[in-house]
Amino acid sequence: MWKGIDVSSNQGAINWGAVKAAGCDFAILRSTIKSGRPDKQFAANVAGCVTWDIPFEVYKYTYALTPTQAVAEAQQVASLLRSHGLTCRVWWDVEDNSLRTLNKGVLTGLIQSAADIITGAGYEFGIYTGKSFYLEGVFDVTAFDCPFWMARYPSSGYYALADNPPADKYKPTPSQPLVAWQYTSKGRVDGITGPVDLNVCYIPFWETQAPEYYLQDIWHGTSISKALESIGEDGSYQHRTQIAAANGIAGYAGTAVQNTHMLNLLRTGQLRKV
Numbered sequence: 205m206w207k208g209i210d211v212s213s214n215q216g217a218i219n220w221g222a223v224k225a226a227g228c229d230f231a232i233l234r235s236t237i238k239s240g241r242p243d244k245q246f247a248a249n250v251a252g253c254v255t256w257d258i259p260f261e262v263y264k265y266t267y268a269l270t271p272t273q274a275v276a277e278a279q280q281v282a283s284l285l286r287s288h289g290l291t292c293r294v295w296w297d298v299e300d301n302s303l304r305t306l307n308k309g310v311l312t313g314l315i316q317s318a319a320d321i322i323t324g325a326g327y328e329f330g331i332y333t334g335k336s337f338y339l340e341g342v343f344d345v346t347a348f349d350c351p352f353w354m355a356r357y358p359s360s361g362y363y364a365l366a367d368n369p370p371a372d373k374y375k376p377t378p379s380q381p382l383v384a385w386q387y388t389s390k391g392r393v394d395g396i397t398g399p400v401d402l403n404v405c406y407i408p409f410w411e412t413q414a415p416e417y418y419l420q421d422i423w424h425g426t427s428i429s430k431a432l433e434s435i436g437e438d439g440s441y442q443h444r445t446q447i448a449a450a451n452g453i454a455g456y457a458g459t460a461v462q463n464t465h466m467l468n469l470l471r472t473g474q475l476r477k478v
């Protein structure tokens, strides 16, 4: 599990050195605004992330209500990324209330139109949305197999970046790969004046090597520690904590629920190696 932020000109000028020192592992930057022009802090935020070696991707908050508008938005983002020589993924931010006025099929088609432009320009595409949009079926989520980044705020309180995120039971559970969970809009991070969105990332987009998984057919035992030891791995609590983090299990404490979940991942060949 890695901790990061998503930012825009709403956060003003950011001291990225202080953000890095605070423990920020990644950032997601707003690309263009409603008019299609770049976010006022986009260039500075890109430069800050590059200078301080903070992996980043970008997002586009969509207002598109027609196919023409969706295509134009996507083209504006692709043009901006090309102008900066970037190859990062574009997260299509589907949350504006105006989108609720659209027919489900229409909104699904608009997202697909944007995806076609983004991927056609050589960029990866993902969808950001809130839990309510996802569960209410405002668009057809089954039409997409791209990664999802989702928002759900279990608490109205403030979080420091160093704080543990909410418990796993509050994490969104889309049927698509969940790359990141935005768990608060009231984050406190050194280097940023005022609140900022905080996220945890489960599938680090900055890794270029394909993940490896423990084999599912050679382990023995009825506990995760014994199963790991049976395949020559360290079954200690410390090592299990590292494995839990690599598999998106936040706040690992060695509980029966967490250990059973890891054992089930191992059983099905889905337990990621560290």
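The opening residue of the sequence shown carries number 205 in the working numbering; numbering runs sequentially from there.
Note that CB positions come from ideal geometry on N, CA and C, so glycine has one too.
Compare the beta carbon distance of residue i and residue j with 8 Å and say whether it is the shorter of the two.
i	j	result
Gly361	Met205	no
Gln215	Gly398	yes
Pro351	Pro376	no
Ile435	Tyr418	yes
Gly240	Ala217	no
Asp401	Gln386	yes
Ala231	Val254	no
Lys264	Trp296	yes
Pro370	Ser379	no
Arg286	Gly330	no
Ala278	Ile322	yes
Trp353	Ala384	yes
Val478	Gln442	no
Give the secondary structure of residue i by DSSP, where H, G and I count as helix, E and B as strand, and everything else as coil.
i	result
Ser389	strand
Cys405	strand
Val262	strand
Arg476	strand
Trp256	coil
Lys308	helix
Leu290	coil
Trp220	helix
Gly398	coil
Ala384	strand
Tyr374	helix
Val342	coil
Ala231	strand
Ile315	helix
Ile453	coil
Starting from the Cα of residue i, find the closest Cα among the options and give me that residue.
i	options	result
Asp300	Cys253, Ala268, Ile322, Thr445	Ala268
Gly313	Thr270, Thr323, Gln279	Thr270
Tyr332	Gln316, Val298, Leu365, Glu416	Val298
Trp256	Ile396, Ala222, Gly330	Ala222
Ala460	Arg444, Thr472, Gly473	Arg444
Ala225	Pro358, His465, Leu469, Gly252	Gly252
Lys390	Ser379, Ser235, Phe409, Arg356	Arg356
Leu470	Ser429, Gly458, Tyr456, Ala319	Ser429
Lys308	Val345, Thr272, Thr472	Val345
Ile315	His424, Leu432, Asp349	Asp349
Glu328	Lys335, Gly334, Ala318	Ala318
Glu416	Ala450, Thr305, Ser440	Ala450
Tyr363	Gly458, Gly439, Asn403, Ala248	Asn403
Leu432	Cys405, Thr305, Leu475	Leu475
Gly247	Ser213, Thr272, Gln280	The identity of residue 247 in the sequence shown is Ala, whereas the question assumes Gly. Closest by alpha carbon: Ser213.
Thr426	Thr464, Leu233, Thr272, Phe260	Thr464
Leaving aside the five residues before and after residue i along the sequence, list all residues of the same chain whose C-beta is less than 7 Å from its C-beta, in chain order.
i	result
Leu311	Leu303, Val342, Phe343
Ile422	Ile435
Phe337	Val298, Glu299
Ala448	Tyr456, Gln462, Met466
His288	Val250
Lys335	Met354, Ala355, Arg356, Pro376
Lys238	Tyr267
Gly439	Ser429, Lys430, Leu432, Glu433
DSSP beta-bridge partners for residue i?
i	result
Ala347	None; Ala347 has no bridge partner.
Ile435	Partner(s): none; Ile435 has no beta bridge.
Pro242	Thr236
Gly334	Ala355
Tyr363	Gly391
Ile322	Partner(s): none; Ile322 has no beta bridge.
Val298	Thr333
Lys207	Val404
Tyr327	Beta-bridge pairing links Tyr327 to no other residue.
Tyr417	Arg476
Suppose the cutoff is 8 Å on Cβ atoms and the five residues either side in sequence are ignored; what does the same chain contact list for residue i look like?
i	result
Leu290	Val250, Val262
Cys228	Lys207, Gly208, Ile209, Ile258, Leu365, Val393
Tyr242	Note on residue identity: the sequence assigns Pro, not Tyr, to residue 242. So the qualifying residues of the chain are Ser235, Thr236, Leu284.
Cys405	Met205, Trp206, Lys207, Gly208, Asp229, Phe230, Val383, Ala384
Tyr374	Arg356, Pro358, Tyr387
Identify, in the order they occur along the chain, each residue of the same chain with its Cβ nearer than 6 Å to the Cβ of residue i, setting aside the five sequence neighbours on each side.
i	result
Ala282	Ala325
Ala347	Thr312
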